[in-house]
Structures are given as structure tokens and as C-alpha cells.
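Note that our numbering has the sequence shown beginning at 23, numbered continuously upward.
Below is one structure, written out as C-alpha cells, with a few remarks after it.
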Amino acid sequence: MKAKVYIKHRQEILDPQGKAVLQGLNNLGFKGLTDVRVGKYVEIALDCASVEAAHEQVKDMCERLLVNTVIENYTYVIEP
Numbered sequence: 023m024k025a026k027v028y029i030k031h032r033q034e035i036l037d038p039q040g041k042a043v044l045q046g047l048n049n050l051g052f053k054g055l056t057d058v059r060v061g062k063y064v065e066i067a068l069d070c071a072s073v074e075a076a077h078e079q080v081k082d083m084c085e086r087l088l089v090n091t092v093i094e095n096y097t098y099v100i101e102p
């Protein structure tokens, strides 16, 4: 199985990297952009007995190491 984890700053948290990317895109002539948020993507290969076990393990990984839950949100998908 494979887990795909998407991590980004909470909406209320300032994202200076996103602001820099937004400014760069505007400087390159891209119009109509109002906001850019930059996040992280983590792909994890899993050998679990069931999809339910994979969900439990990935959630635990996220909350214990991969995500700073004070300032970040995450979502993930499990693929066979």
C-alpha cells in the first residue's frame, strides 16, 4: 500500500513562502492570482494487513512526527 500525505499551514497562519511565490508569479506576469499556499507532500510505502491498519498507522505518524498540529493541517489517502 501507499500513503500520500498532504500537509499545509492552517489558514490563519502566515505563509511567507507562499507570499514569496505569489510575488514571483506576479512578477513573471501571471495575473488574477490572489493567494498561494505552499505545503509539503510525503509518500509512504506501507506493508499493513488491512486498509484500516494503514489508516491508523499513517494518522499516528502524522500526529507524532510529520505534522506540527499547532500550525499545520493534513489530509492523506491510502492507495492499494
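C-beta atoms are modelled at their ideal positions from N, C-alpha and C, and glycine is treated no differently.
Every value quoted in this text rests on a predicted model; they were computed, and no experiment measured them.
Exercise for the section: Go to Gly40, then tell me how far its alpha helix (DSSP H) extends in each direction, as first and last residue. Expected result: If you number the sequence shown from 1, residue 40 lands on position 18. The continuous alpha helix (DSSP H) containing Gly40 extends over residues Pro38 to Asn49.
Exercise for the section: Evaluate contact between the stretch 38-48 and the stretch 57-74, counting only Cβ atoms and requiring at least three cross-stretch pairs below 8 Å. Expected result: yes
Handout entry: Whole-angstrom distance between Lys26 and Glu65, CA atom to CA atom
Key = Here the question's residue 65 lines up with position 43 in the sequence shown. Here the question's residue 26 lines up with position 4 in the sequence shown. Rounded to whole angstroms, Glu65 to Lys26 spans 5 Å at the Cα level.
Handout entry: In DSSP terms, what Lys53 is bridged to
Key = Mapped onto the sequence shown, residue 53 falls at position 31. Lys53 has no beta-bridge partner at all, per DSSP.
Exercise for the section: Specify the secondary structure class of Glu94 as computed by DSSP and reduced to three states. Expected result: Counting from one through the sequence shown, the residue named residue 94 turns up at place 72. Strand, per DSSP.
Exercise for the section: Identify every residue that forms a DSSP beta bridge with Glu101. Expected result: Residue mapping note: residue 101 aligns to position 79 of the sequence shown, counting from 1. According to DSSP, which records beta bridges pairwise, Glu101 is partnered with Lys24.
Handout entry: First and last residue of the uninterrupted beta strand (DSSP E) at Ala67
Key = The count along the sequence shown starts at 1 and reaches residue 67 at position 45. In this chain, the beta strand (DSSP E) harbouring Ala67 covers Gly61 to Ala67.
Handout entry: Cβ distance (whole Å) where Met23 is taken to contact Ala71 below 8 Å
Key = Along the sequence shown, one-based indexing puts residue 23 at 1. Along the sequence shown, one-based indexing puts residue 71 at 49. At roughly 10 Å, the Cβ-Cβ gap does not stay under 8 Å, so Met23 and Ala71 are not in contact.
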